Amino acid sequence: MTTAIYPGSFDPVTFGHLDVVARAADVFERVVVALLVNTKKSPLWSTEERLACLREAVEGALDGRDAARVEIVAFEGLTVDAARRVDARFIVRGLRAVSDFESEMQMAHTNRKLAPEVDTVFFMTALEHAYLSSSLVREISLLGGDVSGMVPPAVVTRLRAMTDVG
Ligand code: PNS
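Under my numbering, the residue at position 34 of the sequence shown is numbered 101, and the numbers go up by one with no gaps.
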């Protein structure tokens with residue numbers, strides 16, 4: 068079975084991320100979406116809440132694909148160690164623009180150095196989502212803007228709850 072791990076902060080998960088998950092599920096037999104816990108930035112929600120949100124969002128984005136082939140996990144530490152734990156031979160990442168390339172190339176080479184048996188595969192994020200970033204979504208939402216065209220309903224509901232309370 069060919070397994071790929073798709074690591075990220077998903078803070079929050081956007082339509083761009085979900086596009087990558089769905090397309091990875093068309094290529095790999097098993098896709099493990101791995102949420103980084105020990106992110107340096109302070110995340111919007113607790114790990115449990117982010118996991119629940121990711122689960123709900125991915126379920127809604129699979130569009131008839133076999134949900135059993137897509138798993139959601141949280142991880143701490145190195146991506147390559149998480150990859151080894153789930154027997155992933157591939158790391159999936161999305162590339163939106165040339166600006167992503169440099170840091171992604173550095174990560175891919177470094178991960179390959181750490182774990183030569185794990186290779187990185189890139190999907191070009193769908194054009195309609197190529198401008199999206201989690202940080203912009205966070206900013207727009209905190210300033211009262213409408214992000215419903217950028218993130219799935221699971222995220223919109225939680226963001227609204229936050230701004231309503233705040
Ligand atoms: O969604 P992001 O923030 O772009 O994801 C970045 C992520 C989680 C893939 C990266 O920060 C990562 O792999 N972190 C885990 C720690 C690690 O393995 N560091 C070495 C990377 S070469």
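The beta carbon of each residue, even a glycine, is placed where N, CA and C say it ideally should be. Just so we're clear, the structure is a prediction, and the values are computed from it rather than from any experiment.
Is it buried or exposed for Val165, if we count other Cβ within 10 angstroms and need 16 for buried? For this step, residue 165 is matched to residue 98 along the sequence shown. Using a 10 angstroms sphere on the CB of Val165, the tally of other CB atoms stays under 16, which defines it as exposed.
Consult DSSP for Phe77 and reduce its assignment to one of helix, strand or coil. What you label residue 77 is simply residue 10 of the sequence shown in a count that begins at 1. It is coil, neither helix nor strand.
Between Pro74 and the ligand PNS, is there a pair consisting of the residue's CB and a ligand heavy atom that are separated by less than 7 Å? Translated into the one-based positions of the sequence shown, residue 74 becomes position 7. Yes.
Indicate the three-state DSSP secondary structure (helix, strand or coil) for Val188 in the structure shown. The sequence position of residue 188 within the sequence shown is 121, counting from 1. Secondary structure of Val188 (DSSP, three-state): strand.
Check whether the region 75-92 touches the region 192-209, taking contact to mean three or more Cβ pairs, one atom from each stretch, closer than 8 Å. Result yes; three or more Cβ-Cβ pairs closer than 8 Å.
My parser needs the alpha helix (DSSP H) runs of 4 or more residues fully inside the region 141-202; what are they? Runs found: 146-152, 165-181.
So, is the C-beta of Pro219 closer than 8 Å to a C-beta in chain D? Any reference to chain D falls outside this structure, which holds one protein chain only.
Tell me, please, which residues DSSP counts as bridged to Val204. As a position in the sequence shown, residue 204 is number 137, starting the count at 1. In the DSSP output, where bridge partners are listed per residue, Val204 has none listed.
Three-state secondary structure assigned by DSSP to Thr70: As a working mapping, residue 70 is identified with position 3 in the sequence shown. Reduced to three states, the DSSP call for Thr70 is strand.
Alpha carbon to alpha carbon, what distance is there between Gly211 and Ile72? Residue 72 sits at position 5 when you count from the first residue of the sequence shown. Residue 211 sits at position 144 when you count from the first residue of the sequence shown. Straight-line measurement puts the Cα of Gly211 at about 34 Å from the Cα of Ile72.
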